[in-house]
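K.L.:
FYI, the numbering for the sequence shown is 1 to 335, going by full-length UniProt numbering.
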Amino acid sequence: MRTDTIRAAAVQIAPDLSGRAGTIERVLNAIAEAAGKGAQFIVFPETFVPYYPYFSFVLPPVQQGAPHLELMQEAVVVPSPETQAVADAARKRGVVVVLGVNERDHGSLYNTQLIFDADGTLALKRRKITPTYHERMVWGQGDGAGLKVADTKVGRVGALACWEHYNPLARYALMTQHEEIHAGHYPGSLVGDIFRDQIEVTMRHHALESGCFVVNSTGWLTEEQIAQIHPDPKLQKAMRSGCMTCIISPEGRHLAEPLTEGEGILIADLDMKLVAKRKRMMDSVGHYARPELLSLVHDTRPAVTRHFREAAHVTPNSTSMAEPEPQPEEGRPDA
Numbered sequence: 001m002r003t004d005t006i007r008a009a010a011v012q013i014a015p016d017l018s019g020r021a022g023t024i025e026r027v028l029n030a031i032a033e034a035a036g037k038g039a040q041f042i043v044f045p046e047t048f049v050p051y052y053p054y055f056s057f058v059l060p061p062v063q064q065g066a067p068h069l070e071l072m073q074e075a076v077v078v079p080s081p082e083t084q085a086v087a088d089a090a091r092k093r094g095v096v097v098v099l100g101v102n103e104r105d106h107g108s109l110y111n112t113q114l115i116f117d118a119d120g121t122l123a124l125k126r127r128k129i130t131p132t133y134h135e136r137m138v139w140g141q142g143d144g145a146g147l148k149v150a151d152t153k154v155g156r157v158g159a160l161a162c163w164e165h166y167n168p169l170a171r172y173a174l175m176t177q178h179e180e181i182h183a184g185h186y187p188g189s190l191v192g193d194i195f196r197d198q199i200e201v202t203m204r205h206h207a208l209e210s211g212c213f214v215v216n217s218t219g220w221l222t223e224e225q226i227a228q229i230h231p232d233p234k235l236q237k238a239m240r241s242g243c244m245t246c247i248i249s250p251e252g253r254h255l256a257e258p259l260t261e262g263e264g265i266l267i268a269d270l271d272m273k274l275v276a277k278r279k280r281m282m283d284s285v286g287h288y289a290r291p292e293l294l295s296l297v298h299d300t301r302p303a304v305t306r307h308f309r310e311a312a313h314v315t316p317n318s319t320s321m322a323e324p325e326p327q328p329e330e331g332r333p334d335a
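1. Would you call R127 buried or exposed, if buried means 16 or more other Cβ atoms sit within 10 Å of its Cβ?
2. Mind checking which residues open and close the beta strand (DSSP E) that includes T202?
3. On the premise that V11 lies in contact with A30, defined as a C-beta separation below 8 Å, what is that separation, rounded to the nearest angstrom?
4. Within its chain, find whatever has a CB closer than 7 Å to the CB of F55; leave out the 5 residues flanking it on each side and keep chain order.
5. Alpha carbon to alpha carbon, how far is V78 from P48? Give it in angstroms, no decimals.
6. In three-state terms, what does DSSP make of H121?
7. Going by Cα to Cα distance, which pick from C162, P291 and I115 is closest to Y133?
8. Roughly how many angstroms separate the alpha carbons of P131 and Q73, rounded to a whole number?
9. Could you tell me which residues DSSP pairs with N167 in its beta bridges?
10. Are V43 and V101 closer than 9 Å when you measure CB to CB?
11. Ordered along the chain, which non-local residues of its own chain (more than five positions away) have a Cβ less than 6 Å from that of L270?
12. Should R20 go down as buried or exposed, given a rule of 16 or more other Cβ atoms within 10 Å for buried?
13. By DSSP, does A150 sit in helix, in strand, or in coil?
14. Shorter than 8 Å, the distance from the beta carbon of A32 to the closest heavy atom of the ligand FAD, or not?
15. Tell me whether C246 sits in a helix, a strand or coil according to DSSP, three-state version.
16. With a threshold of 6 Å on Cβ separation, who are the neighbours of A150 within its own chain once the five nearest residues in sequence on each side are excluded?
17. From this set, D117, T222, H165 and V58, which residue's C-alpha is nearest R93's C-alpha?
18. Once DSSP output is grouped into helix, strand and coil, what is the label at R278?
19. Do you know whose CA, among Y51, P60 and T260, lies nearest L235's CA?
20. Considering only residues of the same chain and omitting the five flanking positions on each side of F195, which have a CB-CB separation below 6 Å?
21. State the start and end residues of the unbroken alpha helix (DSSP H) segment that holds T23.
Structure, rendered in structure tokens:
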């Protein structure tokens, strides 16, 4: 367990709604700015590249075809020149970067979180396990293979996106892997003040329960961008406020004044000794757990749509294919 101090940065900026190239440029500029302030760990908002699909929150399904196709065209393939540019920036500055992207995998889009280590390697790619409400029109589902904590230069880093934090077992899966720093991602500029307040409660609770630091980043939209997404003033109200970019200690305290309006980069120093200080009192997956009463089953197998079986054996005197014996599935009682 680390005992030194890590400087963290949570970025709250607007994307470039024209596409991934402009947003990636903003990401690279923010990495340089944060690193120039001494940041070693930098977190960006949910699906920041190219942008969060705000259109899906304010448009009926029959009107979503064109913006959905545009998002698909501008989405990020992993790996790609865009991910390589972020990896190069992380390596050049010696920083760990957590970036939310719309990931395109052939004909599907996913809400994906990427963790780049300080040497530029992609330490983790994970997909949001359950898109929320309107998001189900846009993204596919992730799987348990992505619920992992990454060993990085700054420590053990876990990440979840938005309402995944309302899935206690998803959070517990990261706790059991002893995360030291948790990266939270939210869209921001959505729903209103109540969303801002809910984010704060959730982030502080996770810090306390996991005994880790939380670095949370929410997005931001300018008034011009809000008008670009939808011209109706009534629906524009749904794309304001809801921002809570914050950095929380394992004791549940804000380490800097949170950002709730406008663009900016929040900076705070993480005294890693506080992780042990908190867990000495309450280690939710150690001395405070009761695994003989309550435990987690975590299926870490990647979800696949094609399963392979061995070809049937043909004997010299046989004119037909013999059916292979059915094989039990891994993890089942008959396996």
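All residues carry an ideal CB built from backbone N, CA and C; glycine is no exception.
Quick caveat, the model's predicted, so the values are computed rather than measured.
P.N.:
Taking the definition as stated:
1. buried
2. Careful: T202 lies outside any beta strand (DSSP E), inside the alpha helix (DSSP H) at D193 to S210.
3. 5 Å
4. Q64, P67 and I229
5. Checking the displayed sequence, the identity of residue 48 turns out to be Phe instead of Pro. Each residue's Cα considered, the two are about 15 Å apart.
6. A small correction: the amino acid at residue 121 is Thr; His does not occupy that position in the sequence shown. The answer is coil: DSSP assigns T121 none of H, G, I, E or B.
7. C162
8. 20 Å
9. DSSP, once it has assigned bridges, lists no residue as partnering N167.
10. no
11. I6, A8 and F213
12. buried
13. strand
14. Ligands are entirely absent from the displayed structure, and the ligand FAD is therefore not among its contents.
15. strand
16. I115, A123, L124 and V157
17. D117
18. helix
19. P60
20. G242
21. R20 to G36
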